[in-house]
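Numbering (our numbering), first residue to last: 555 to 1050.
All C-beta atoms, glycine included, are put in the ideal place defined by N, C-alpha and C.
Here the structure comes first, spelled out in structure tokens, and everything after it is commentary.
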């Protein structure tokens, strides 16, 4: 219907132009300066006025076109500068926060520098916005100006008032894609705007349309597209982004099966291992609780509480989440996270050790951990050992040797990397029982190859004391241990 209307308008314009030209030859004069035509006989002046306005709308004179291009060029310079500066200060800010020491000066100075840089970026974006608008006013058909204005709003949305500027960018892009139906990048940017606004369905539709247009291009469909990945890296990466974005939208709409289907496609055609790992991590995230995306989201929300140091609230919410889980590995992970909070922040160290030991006892028979399991068994095992060792040492400091022995013995029975530390401390506690002490030390010296030089020296000294207490029957062995101690001490002194 619209194409017919355009056709009739074009025919009307031609007819009116013929009439005007005919009338001009007949003595009628076009009054440019007054903005209207002297109406020729038989032609309605309203028809002429309408045709005049249509001509002005459809055709841009050379002077306006040149000025529009100049404004667009100036705007693009400002936009590019703002974009590169924004990327740079975000990288610098992240690295500064990561290695920042906790002093007032070290925190305040980077914040001031960041705020100043943001002001400069916003100033450039305001200039870019004005120039793009001036360009569009002179030439409404200049794509780079309209698209540039949308990109200006998108960048500004990353800095301030996202709900306003993403909506403004979306409005522009929505109008653009009606006329530029072959530009897949426009559909992708529109999808990004909708995604940031939380409109998952609209975002998915535009990501899908971007993919559909892209795979239909001649550039994509050329022979041997996937044969030379180095040459086609950019195109494959682009397609990966389109697919990955669709999968994320589907996950936000809790459509796990559809999301997994698309993310598998993205994973299989990823142009490098980094992108493949991104797809795999997202796939594992969906499968974390057997495709229950709601519980995976809940876990992320509780993790954000930990980042905000709301440890007690996080622990309570993890307990509530645990009851909603159906996957045993997911339950184990949540138990492990609760144990970590209890031990480090909530002063429930004995409870944390019991909780983590229960995980070890219940899950040690599993021969493998699936990819969807964020944490593997060795992590649980080592953390459990560390907790028992440190709690045992705390009880030693409090001279509560009975409790110390309890947790050190439990830690010594676990196959974790620091098992010998528990055995050494138990041997010290057992000096009144030389045979037990000797048995523990022999286990350390014969089964553990990860001893430090100092730990080995300590173990030998404990063994020497135990052998002496056992009497003359162990004199020769005691002499050998003594010689070994002297050798280690001399080696240590020579290395100083």
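Asked, Found
"With H, G and I counted as helix, E and B as strand and the rest as coil, what does DSSP make of residue 734?", "coil"
"Under a three-way DSSP split, which group does residue 955 fall into?", "helix"
"From which residue to which residue does the alpha helix (DSSP H) around residue 714 run?", "Premise fails: residue 714 is in no alpha helix (DSSP H) and is neither H nor E."
"Tell me the rounded alpha-carbon separation between residue 650 and residue 668.", "Per-residue confidence for residue 650 stands at a pLDDT of 46, beneath the threshold of 50, marking its modelled position as unreliable; the derived number appears in the next sentence. Their Cα atoms are separated by approximately 11 Å."
"Suppose you measure from the CA of residue 816 to the CA of residue 706; what does that come to, to the nearest Å?", "31 Å"
"DSSP state of residue 639, grouped into three classes?", "helix"
"For residue 626 and residue 809, what's the separation of their Cα atoms in angstroms?", "42 Å"
"How big is the Cα-Cα spacing for residue 727 and residue 624?", "22 Å"
"With the cut-off set at 7 Å, would you say residue 744 and residue 637 are in Cβ contact?", "no"
"Could you give the distance in angstroms between the alpha-carbon of residue 963 and the alpha-carbon of residue 905?", "17 Å"
"Which same chain residues end up closer than 8 Å to residue 791 when comparing Cβ atoms and leaving out the 5 residues on each side of it in sequence?", "825, 829"
"Starting from residue 758 and walking both ways along the alpha helix (DSSP H), at which residues does that stretch end?", "754–769"
"Label residue 655 either buried or exposed according to how many other C-beta atoms from any shown protein chain fall within 10 Å of its C-beta, with 16 as the threshold for buried.", "At residue 655, the pLDDT of 40 sits below 50, so the modelled position is not reliable and the matter cannot be decided from this model."
"Work out the CA separation of residue 740 and residue 696 for me, nearest whole Å.", "14 Å"
"Express the C-alpha separation of residue 742 and residue 766 in angstroms, rounding to a whole number.", "11 Å"
"Around the C-beta of residue 874, are 16 or more other C-beta atoms found within 10 angstroms, so that it is buried, or is it exposed?", "exposed"
"Near residue 1036, which residues of its chain fall below 7 Å by C-beta distance, leaving aside the five closest residues on each side in sequence?", "1018"
"Would DSSP call residue 1046 helix, strand or coil?", "helix"
"Would DSSP call residue 1006 helix, strand or coil?", "coil"
"Enumerate in chain order the residues of its own chain whose CB-to-CB distance from residue 955 is below 8 Å, with the five nearest sequence positions on each side excluded.", "949, 983"
"Terminal residues of the continuous alpha helix (DSSP H) containing residue 839?", "827–841"
"Contact check, residue 907 vs residue 866 under 8 Å by CB: the rounded distance?", "Their Cβ separation, rounded to whole angstroms, is 19 Å, which puts residue 907 and residue 866 out of contact at 8 Å."
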